[in-house]
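Chains as they are written, first to last, in the numbering used here: chain A, 827 to 944; chain B, 827 to 944. C-beta: ideal position from N, C-alpha, C; glycine also.
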């Protein structure tokens, strides 16, 4: 992930939704653990590629959001993959600290379970 | 994953978007490989939980879609996790055959890359 102005192959193929967003799955490279899903627009993807840290677009705050800005729990980008439909990203990272604001490593810490009484 | 009518803890907490959909990341349980992202509505999630195979909602065809129906490349569900915002699912599966219609194991087989000339 070089910090320069070189064009990025594949970026022009990406399809954004009607809000200009594309979902980005974040996975820890070393463990394979899926950490979170967030959304990027063109600008946050460009910043992610330029800086080697994840930037997202907050749908609730309607602004760019540098992951770990306040917590220090940044994500160092190893690579960005995209899917066969070019409408989803898979960002493989090294997670500093934990990914979830709850303090859990991954945002996916709860399971849908059949009730005990069934 | 039992095939009965027992209530599922957590299902009522889930948040669907304004189209009634929730994104579902599919990950191979054994390898940790992220295979695909697709969308579920309430009905496709219910069928997934009931049958132990993944069912999605096709946004283009506007219909329920049993994964692997024609190809035989079904996904046997090990567990369904949901995230801290309850607006994304992580479905861990055993993939029969390959996940992608291109014949690749994962839909994420391409990488955004800096151009060679840079």
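Minimum C-alpha distance to residue i - residue among the options
i, options, result
"residue 844 (chain B)", "B:835, B:850, B:867 and B:881", "B:867"
"residue 840 (chain B)", "B:882, B:887 and B:910", "B:910"
"residue 889 (chain A)", "A:864, A:877 and A:898", "A:864"
"residue 855 (chain B)", "B:916, B:837 and B:939", "B:916"
"residue 833 (chain B)", "B:883, B:919, B:876 and B:905", "B:876"
Distance between residue j and residue i (C-alpha atoms, nearest Å)
i, j, result
"residue 936 (chain A)", "residue 907 (chain B)", "5 Å"
"residue 923 (chain B)", "residue 896 (chain A)", "43 Å"
"residue 926 (chain A)", "residue 932 (chain A)", "6 Å"
"residue 872 (chain A)", "residue 891 (chain A)", "13 Å"
"residue 848 (chain B)", "residue 882 (chain B)", "10 Å"
"residue 898 (chain A)", "residue 938 (chain B)", "26 Å"
"residue 884 (chain A)", "residue 846 (chain A)", "12 Å"
"residue 859 (chain B)", "residue 929 (chain A)", "24 Å"
Below-8 Å beta-carbon distance, residue i vs any chain A residue
i, result
"residue 896 (chain B)", "no"
"residue 851 (chain B)", "yes"
"residue 928 (chain B)", "yes"
CB contact check: residue i to chain B, cutoff 8 Å
i, result
"residue 836 (chain A)", "yes"
"residue 844 (chain A)", "no"
"residue 858 (chain A)", "yes"
Residues bridged to residue i (per DSSP)
i, result
"residue 885 (chain A)", "Paired residue(s): none; residue 885 (chain A) is not in a bridge."
"residue 860 (chain B)", "B:853"
"residue 866 (chain B)", "B:848"
Range of the contiguous alpha helix (DSSP H) that encloses residue i
i, result
"residue 879 (chain A)", "Run containing residue 879 (chain A): none; DSSP gives neither H nor E here."
Residue range of the beta strand (DSSP E) that includes residue i
i, result
"residue 845 (chain B)", "Here residue 845 (chain B) belongs to no beta strand (DSSP E), and DSSP marks it neither H nor E."
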